Amino acid sequence: MSIMRIAIDGPASSGKSTVAKILADELNMIYVDTGAMYRALTYMALKNGVDITNQTELVDLIHSIKISFERTKGGQHVKVNGDYITEQIRRSDVTAAVSTVAAHPYVRNELVKQQRLMAADQSVVMDGRDIGTVVFPDAEVKIYLNASVEERAMRRHKENVEKGMESSLEELTKEIKERDHKDMTRKVSPLKQAEDAILVDTTSLSIKEVVGKIKDIIIKHEKYSN
Ligand code: DC
6 MSIMRIAIDG PASSGKSTVA KILADELNMI YVDTGAMYRA LTYMALKNGV
56 DITNQTELVD LIHSIKISFE RTKGGQHVKV NGDYITEQIR RSDVTAAVST
106 VAAHPYVRNE LVKQQRLMAA DQSVVMDGRD IGTVVFPDAE VKIYLNASVE
156 ERAMRRHKEN VEKGMESSLE ELTKEIKERD HKDMTRKVSP LKQAEDAILV
206 DTTSLSIKEV VGKIKDIIIK HEKYSN
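Going by the numbering used here, the final residue of the sequence shown carries number 231, and the count climbs one at a time with no gaps.
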């Protein structure tokens, strides 16, 4: 198989990272969760008192840290300068601030550079908001995952309840709508389906069904068997 880039974009809680992780494992490719990179930067900014509205300070911060991933059985850890921050980057203060951080064009430029380097010489499954439109406009396979707001909020709610966390479906619905709006209307690299991306609506599909659909699309690609 020659190098393949599988781009998976879509809104918050559309199932991207769950599906991308399984695909990467099954197809023996690396997995890059670009949302985790924006979150890692946001976490470090909050921790170090960096003003998240100040693009220059954020770019300086990017240059002073190293974001990396460590594969585990069935998942992956996110690290900054070698420290594990996998759980911290999912905190609500990080989630609330990340859209502001991700809206700065120079911040995006820097992280996009790192994302391209990660896939320079190996096949990758990369998920995010702009993978098929900006990071790899020439990706071999582009998928746009979507699901209704109600379904996405319900998935988050169930995850929280399973983890024993306090959770309000109403709050989650509001938060997802707000994040969709911010991600889709920002000036730089807004979330949108690339013209040549294949839409997979995951509403009422199981994870296994979604993985199966995407695998069929990948396996049909001429580069997969070459
Ligand atoms: O997928 P996620 O919820 O972990 O992403 C966190 C935020 O990062 C999301 O609100 C938008 C931003 N993001 C982005 O702008 N571009 C990406 N490629 C990935 C995430």
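Glycine is no exception: its CB is placed at the ideal position from the N, C-alpha and C atoms.
Remember, it's a predicted structure, so these values are computed and weren't measured experimentally.
Short Cβ contact (8 Å threshold) for residue i with residue j
i, j, result
"Tyr43", "Ala107", "yes"
"Arg113", "Asp188", "no"
"Ser22", "Thr207", "no"
"Val99", "Gln120", "no"
"Thr58", "Thr91", "no"
"Arg10", "Met123", "no"
"Lys225", "Ala12", "no"
"Leu177", "His162", "yes"
"Leu51", "Ala102", "yes"
"Val55", "Ile72", "no"
"Ile94", "Val83", "yes"
Length of the line joining the Cα atoms of residue i and residue j
i, j, result
"Gln60", "Ser7", "38 Å"
"Lys182", "Ser153", "10 Å"
"Ser69", "Leu204", "38 Å"
"Arg160", "Lys228", "34 Å"
"Arg76", "Ala29", "11 Å"
"Gly137", "Ser173", "33 Å"
"Gly217", "Gly40", "23 Å"
"Ala158", "Ser211", "16 Å"
"Asn165", "Ala17", "15 Å"
Nearest neighbour of residue i, chosen from the options [CA to CA]
i, options, result
"Asn33", "Gly40, Thr39 and Ala25", "Ala25"
"Leu116", "Val55, Lys78 and Val37", "Val37"
"His109", "Leu51, Leu196, Arg184 and Lys192", "Lys192"
"Gly80", "Ile67, Glu31 and Arg96", "Glu31"
"Tyr89", "Ala45, Leu63 and Ser128", "Ala45"
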